[in-house]
Amino acid sequence: MDKSLPPTAPLMSWRRGFLLGFILVTAYCLWELGIDFVQLPPSASPYQSAINFFSAAWQPAFVEQNPSLPDGSPSFINRIFGNLLTTLRYAFIAMSMAVPAGLVLGFFASRIWLDATKHLKPLLWANYLAVRFITTVMRSIHELIWVLLFLSFLGDSPLTACIALAIPFTGTLAKVFSEIIDEQDPASSEHIHLAGGSSVQAFLAARFVIALPDLLTYTMYRLECAIRSSAVLGFMGLETIGLAIKQSYENNYYNEVWTELYLLTITVICFDVLGTLVRKRLHRPAPSPRGNTATASIAELKQARPRWKLLPITWWLLILGAVIAWTVGDDLNQYHSHLSRWERFCSFAKQLIPEPVRHSGNWNEALPWLSELWKTDGAQGLHMTIIIATAALCIASTFGYLLAPWASRNIANASPFGIHQGPASALKAFSWRVLGFCLRSLFTVARSMPEYIIAFLLIGILGAHTWPLVIALAIHNFGILGRLWAEVNENHDQAVSRHLAARGATRTQAYLFGLLPTSFNRHILFIFYRWETCVRESTILGMLSISSLGYLISRESSFLRYDSMMYFIGLGVLVVFASDLISVTLRRQSR
Amino acid sequence: MLELDSISLHFGQHPALTGVGLSIAAGEQIALIGPSGSGKSSLLKLIATEYQASSGSLSMGGLNPDTIDAKALKKWRQSISYIPQHLALIPNLNVAQNILLGQVGQQSTLATLGNLVRPNQVQLERVHTLLHEVGIPEKLYHRADTLSGGQLQRVAIARALYQKSSIILADEPVSAVDPSRAHALLECLTQVATEHQVTLICSLHNLDYAKRFFSNMIGMREGRVSYQGSSEHFSIRDFEDLYSLQHG
Amino acid sequence: MLELDSISLHFGQHPALTGVGLSIAAGEQIALIGPSGSGKSSLLKLIATEYQASSGSLSMGGLNPDTIDAKALKKWRQSISYIPQHLALIPNLNVAQNILLGQVGQQSTLATLGNLVRPNQVQLERVHTLLHEVGIPEKLYHRADTLSGGQLQRVAIARALYQKSSIILADEPVSAVDPSRAHALLECLTQVATEHQVTLICSLHNLDYAKRFFSNMIGMREGRVSYQGSSEHFSIRDFEDLYSLQHG
Amino acid sequence: NKPAEDAAASTSENTPVLRFSAIPDEDTTAQAQRFQPLADYLSKALEVQVEFVASPNYGASVQKFSGGDIQLAWFGGVTGVQARQAVDGAQAIVAGSADLNFKSYFIAHNSTGLQKSDTFPSDISKLKFTYGSQNSTSGCIMPTHFLMEASGQSPQAFFTQEFGFSGSHDKTLELVANGTFQAGALNFKTYEKAVAAGKVDPASCVVIWETPTYADYNMTAHPVLNEQFGEGFIKKLQQALINCDDQAALNALKRAQLVPVENATFDGIASVMEKVSFK
Ligand SMILES: Nc1ncnc2c1ncn2[C@@H]1O[C@H](COP(=O)(O)OP(=O)(O)OP(=O)(O)O)[C@@H](O)[C@H]1O
Ligand SMILES: Nc1ncnc2c1ncn2[C@@H]1O[C@H](COP(=O)(O)OP(=O)(O)OP(=O)(O)O)[C@@H](O)[C@H]1O
Ligand SMILES: [Mg+2]
Ligand SMILES: [Mg+2]
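Protein chains in written order, with the working numbering: chain C, 24 to 614; chain B, 670 to 917; chain A, 670 to 917; chain U, 41 to 319.
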């Protein structure tokens, strides 16, 4: 009998490769940015801005701080609640467009079709790449830019703003939906195939059903994002809570800012709680059917079907909310201009033509124009954007990854994974709950605090250079990744973790070895998704003249040079598309 | 008529099946036996068209699933029920919904969705009857992930029967149930097969069951067919040839 | 000494166990039998402390896992190996890594992590020996999701043995392997148990195995212990009492 | 009475509405409340329906103006020029009397040791410097213009460190006052007001240079107004604004009085904009 050991297992796997790559990339970014975090001029008082800002936290305003308002205008509280309602209304409208569209596009952007039928392969590949590219374009352009483009040919009706919000959201939903669907265990859908079911049936009846908790979690999170992104709607003259925060902040009305932030955070938490309840329901077995189904007649059987009250109530409420949002209140599709939409579109489109071509009508002149832009600003902007986005993401994901398990309700709990750990003293049980709650609140606060405020405060503390911007992006993304990861942990199959925990593994071990190996792919899915958003969010980097794409885009748009603005946007789209392909490949390989 | 002609199946360099040639008449009922890892599941998956042979060819009624068009392939698949060893049930659907999905191949997408949301009377009654047959009528509306090992297996059997096909491939369908229940289930399967002229290929580790319920047996070892013949003639010698341990 | 005192376990209103009282001496080897859905797995999960009893109490050497402190509980858990019916293996780790995780309760997190990345020679050799014993030494570095049903089951057995415990709970550990292999595996399990004075509780559907390898049996039906005694005295009458079908 | 109803419906549909937008140069929150009195005044004076449209920044106003979504807007010097370049025939009609002699301050933190001078303070080239928002006339474009005139270099070449865009005049002042940036440029009014209110100590946040004066804020009208409300309407509008003595309406703009201007008033800025560049 041969007892010698077989040759050793290969040391590198895709998963380890990814981790190694991650470390290398982080190191490179740190090296590029340099590690002198503080670059303040002498005699700066670094904490002054932060103290001013945070000391107002205890005194949220209840009256307008603006001294120039006429007598008899509505009270501050009225205005803010009005703003919140407006925000909710338009967030619902935007989401009610984005979710169906995202589902349909996500359906087509999924890899699962590629294996469907042999002779359709080229067609399916073409469809796959095309849909992925379209969704990339949709989401790699910031809402603010979409609003700018749409304003130019749809007019300043609220509907325009909602569409502008819905488009990048659709792109993101499509990407994340498709990838969540790809990450599900294929056994059940494969079985449906083998029973002769079509790919669509296999998708709807198996994959979709299994993925439902994840899809829901993500949709609820997106609704929250829609509420937070509402400042964009201000472009159309809608005074939303996001715009209120921005303006109060710019005027140094910090007490107002805090009232608005509190209101926003509470709203976000409400949706969070609703999402949690729904997910709890989806994970828990249905209530027992009434009566004995063994002996019942069929009519009784139908009666005996178990019913959940919470789920239908939630669905109907959300649908009702969307219907009300569409129908009640100001007219959505107002149009006031004397120009027809087509005329506006043409005149705006003309401005997108490269300048030399616009004057000479000769497209040969586009090429030197392009290469000139690339040489003067493009190359450096692209480089800087990638460095900033990557550095921010590496920091965010390192901290997020360390903390996310302790924010997951199934782990931060006296009985991790439902495996009891001795008679839990009330104090211990309570402490775990508090820890989980605090971390989740930390995530909520980190992502509800607008990035530009964080960046501004950090510039005060660290000085005006790249790091404050990187850290601001990192803090914001930390809050988002932490939440998304914690929920992946909650939604994941717990069987192996339960087994390990019941064999004496600690909480950490049960997580690391039971849950992490199989959920790894779903974790990195969100890293790439956030990286893309970092590239997009670099518009906030316009605060400093560091030549990132964000700075270039905002510079060109404020000088109304839409042709070169589109050029820099295009560069961003390409980066995001590349990252999308990397993400798809990596996840496929590290199954 | 199911024909396998010197079929091989490789995973990387690892051969799971080597030169398998078989011909199985319509309506035949065969037990598939052999040591663990000998390729029984691989063979069944191949017939179920989950895997494609690395070489050799498979055909049924003259049609080869590797060459026919999508429509014919769909037909082929509809005509085969398959109970996989890992069951492939959907944990967060209830038992009734899981069983209703047995007919997904025969239905339009819309009808499938409708069934999942609100099954009609007739279908529900059939599902319930099947559940009675496999002995868990009380689990009709329970979620699949709350069932015991043997109960899950029975849901998978019910789903296969619900499909109404001309071939049933069953991969260890009774490994997780007790002897009485196993007898009842195998009786049910063979009876359905006899009544409706269904070809039944059933992999089994329990030789008693194989001998009792099946007149013919195919024995596999290391990816090859090493015994083929009637159950009665399966001797101790044959047993040893087939099962003698390779390691340990 | 393992003591169960009128234990009940409910899922919602559904009772999975009702008034189970048992006392099992250290080193005893017992087969757990009973119809599918009778509560065998639930009972084993309860002893493995994966579930907590709704009422009644469980104790070992006078210690009750529900009342002892976390440290003692960890000890208790380390002293029990458990082969769950659904195996709980990690599909995208290889066989060696899965087996090494058997000792996760005895190790620090860092040590476990190190083991997964680069196991040391001694451990690897033990894993390899265990794999020899269960008959799949060649699968050492194969990913768990490329294994056959029976091979997976054997990995779970090897993992339980790797843990070195004083109680082994095995839930249908040989349901997916062929008769020769099942014999070899049960022999191995009982031999380890005898050699190291390990208590072995093994749920089995195959009564031949139960009778052959275990001198004592516990029969469950509808969540209650309905037979308890030596295997020899298990009569046809007892069989019928235990297994007669309730439905269908 | 069916036709009558139809007529009513069609008139209500076709009745043109004068939509205007304005962003105050300070206290920018609650715009709708703030500008309601001005809308009311215009509506009464001109006997047309007037509606205020909020905008978060001048860029959005320019976009809406050029698309015809609004027909009247209060712009900064630069954005006014942009708007009039985008719409043929658009006319600057009124401005505040002080807006014609507007100026920016260059300020510095006292730790830099810089003192008020009469010439452009070239020493700031080595300092951390911040502008306000990117298309602000007094917070960015005009200071850059004077900087380029004095140094002959673009800001990128002139400053040895990266410079910032604080986003608003208030923020520029705050950042320089607490030393995060060592110098900055802003609207003189914001500075004066903060000093008067005691929010900033003029000794620690020193004005080191006052720019020459230039024309800044103005109200610009879209030519379509004459088509929609009848020939001569823009003239009427200009007159209504100049004659405005409704204190509440004037308060909205924080101007004591409005004076007539024409496009040529802003030729200076237009030529500056062609030269200023951040490349
Ligand atoms: N996807 C795969 N990749 C690599 N090897 C595989 C794969 N599937 C099966 N194998 C190998 O092929 C061989 C045959 O597997 P198969 O599942 O057909 O065995 P089996 O006869 O069904 O065994 P059991 O009775 O244990 O279920 C095994 O050695 C298995 O490890
Ligand atoms: N999580 C759960 N929620 C609700 N019911 C459950 C749950 N787990 C088990 N049950 C029910 O409890 C009963 C006993 O289940 P158990 O798994 O113990 O049976 P078993 O004896 O192991 O059966 P088998 O031999 O089929 O594995 C079954 O009717 C099962 O449906
Ligand atoms: Mg198998
Ligand atoms: Mg069981």
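Just so it is clear, CB atoms sit at the ideal spot from N, CA and C, and this is done for glycine as well.
As the structure is a prediction and not an experimental result, all values here were calculated from the model.
Would you give the residue range spanned by the alpha helix (DSSP H) that Ile-826 of chain A belongs to? 818–831
| message | Alpha carbons only, please: which of U:Gln-155, U:Ala-237, U:Lys-276 and U:Glu-267 is nearest the one belonging to Ile-248 of chain U? | response | U:Gln-155
Continuous beta strand (DSSP E) stretch holding Arg-59 of chain U: start and end: 57–62
Are the Cβ atoms of Ile-309 of chain U and Tyr-254 of chain U separated by less than 8 Å?
-> yes
Quick one, are the C-beta atoms of Tyr-552 of chain C and Val-199 of chain C less than 8 Å apart?
yes
If you follow the beta strand (DSSP E) that Val-846 of chain A is in, where does it begin and where does it stop? Premise fails: Val-846 of chain A is in no beta strand (DSSP E) and is neither H nor E.
If we cut at 8 Å on Cβ distances, does Lys-211 of chain U have a partner in chain F?
You won't find chain F in this structure, because its protein chains are C, B, A and U.
> What residues match up with Arg-890 of chain B in a beta bridge as DSSP calls it?
Replying inline: B:Arg-893
- Query: Sorted by chain position, which residues of the same chain lie with C-beta nearer than 7 Å to Gln-174 of chain U's C-beta, five sequence neighbours on each side aside?
  - Reply: Cys-180 and Phe-205
- If we cut at 8 Å on Cβ distances, does Arg-746 of chain B have a partner in chain C? yes
Within a Cβ cutoff of 6 Å, which residues of the same chain sit near Thr-288 of chain C, ignoring the five residues on either side of it in sequence? Ser-471
Below-8 Å beta-carbon distance, Leu-697 of chain B vs any chain A residue:
In the sequence as presented, Leu is not what sits at residue 697 of chain B; that position holds Glu. Not closer than 8 Å to any Cβ of chain A, the Cβ of Glu-697 of chain B fails to qualify, so no.
Quick one: what does DSSP say Asp-814 of chain B is sitting in, helix, strand or coil? helix
Check your understanding: Given Ser-835 of chain B, which residues of its chain have a CB within under 7 Å of its CB, disregarding the five upstream and five downstream residues?
Key -> Ser-748, Val-867 and Thr-868
Which residues DSSP lists as bridging Leu-673 of chain A, in chain order
A:Leu-691 and A:Leu-727
Exercise for the section: Between the Cα of Phe-306 of chain U and those of U:Leu-290, U:Leu-277, U:Thr-260 and U:Asn-283, spot the shortest distance and give me the residue it belongs to. Expected result: U:Thr-260
Under 8 Å between C-beta atoms of Ala-73 of chain C and Gly-486 of chain C:
no
inquiry  = Taking 7 Å as the cut-off, is the C-beta of Lys-631 of chain B nearer than that to any heavy atom in ligand 3?
reply    = Coverage of chain B is limited to positions 670 through 917, which leaves residue 631 of chain B absent and any answer about it impossible.
| query | Taking the alpha-carbon positions, what's the Gln-790 of chain B to Gln-224 of chain C distance? | reply | 22 Å
Original post:
Alpha carbon to alpha carbon, how far is Gln-374 of chain C from Ala-121 of chain C?
Top reply: 29 Å
*asked:* Between Gly-818 of chain B and ligand 4, is there a pair consisting of the residue's CB and a ligand heavy atom that are separated by less than 7 Å?
replied: yes
*Starting from His-149 of chain U, follow its DSSP beta bridges and name the residues at the other end.*
U:Cys-245
| Is the closest heavy atom of ligand 4 to the C-beta of Met-709 of chain A under 7 Å? | Here residue 709 of chain A turns out to be Lys, not Met, going by the sequence shown. Within the cutoff, so yes.
Check your understanding: Along chain A, which residues have their Cβ under 8 Å away from the Cβ of His-515 of chain C?
Key -> Within 8 Å Cβ-Cβ: nothing; His-515 of chain C doesn't reach chain A, min ~12 Å.
Residue from C:Val-291, C:Thr-489, C:Leu-572 and C:Leu-426 whose Cα sits closest to the Cα of Gln-403 of chain C = C:Leu-572
* To do: Report the residue from C:Phe-543, C:Thr-408 and C:Tyr-590 whose alpha carbon sits nearest the alpha carbon of Leu-390 of chain C.
  => C:Tyr-590
- Query: Quick one: what does DSSP say Cys-871 of chain A is sitting in, helix, strand or coil?
  - Reply: strand
I'd like to know whether the C-beta of Gln-832 of chain B is nearer than 8 Å to at least one C-beta of chain C. yes
#### Entry: For Phe-903 of chain A, the three-state DSSP class (helix, strand or coil)
coil
* Beta carbon proximity, Glu-295 of chain U to chain C, threshold 8 Å -> Just to set this straight, residue 295 of chain U is Arg in the shown sequence, not Glu. Answer no: the Cβ-Cβ gap between Arg-295 of chain U and chain C never drops below 8 Å.
Next on the checklist: For Thr-260 of chain U, report the span of its beta strand (DSSP E) as first-last.
Outcome noted: 258–261
Practice problem: May I ask which residues mark the beginning and end of the alpha helix (DSSP H) holding Leu-713 of chain A? | Solution: 709–716
Listing by chain order, which chain A residues have their CB less than 7 Å from the CB of Pro-786 of chain B?
-> With the sequence shown as reference, residue 786 of chain B is identified as Val, and Pro is not the correct amino acid for it. Neighbours of Val-786 of chain B on chain A: none; closest Cβ ~24 Å, over 7 Å.
- Query: Is DSSP giving Leu-575 of chain C helix, strand or coil here?
  - Reply: helix
message = Am I right that Ser-711 of chain B and Ala-685 of chain B are in contact with their C-beta atoms under 8 Å? What's the rounded C-beta distance?
response = 4 Å
- Item | Candidates A:Gly-690, A:Tyr-831 and A:Leu-671: closest to Ser-677 of chain A by CA position | A:Gly-690
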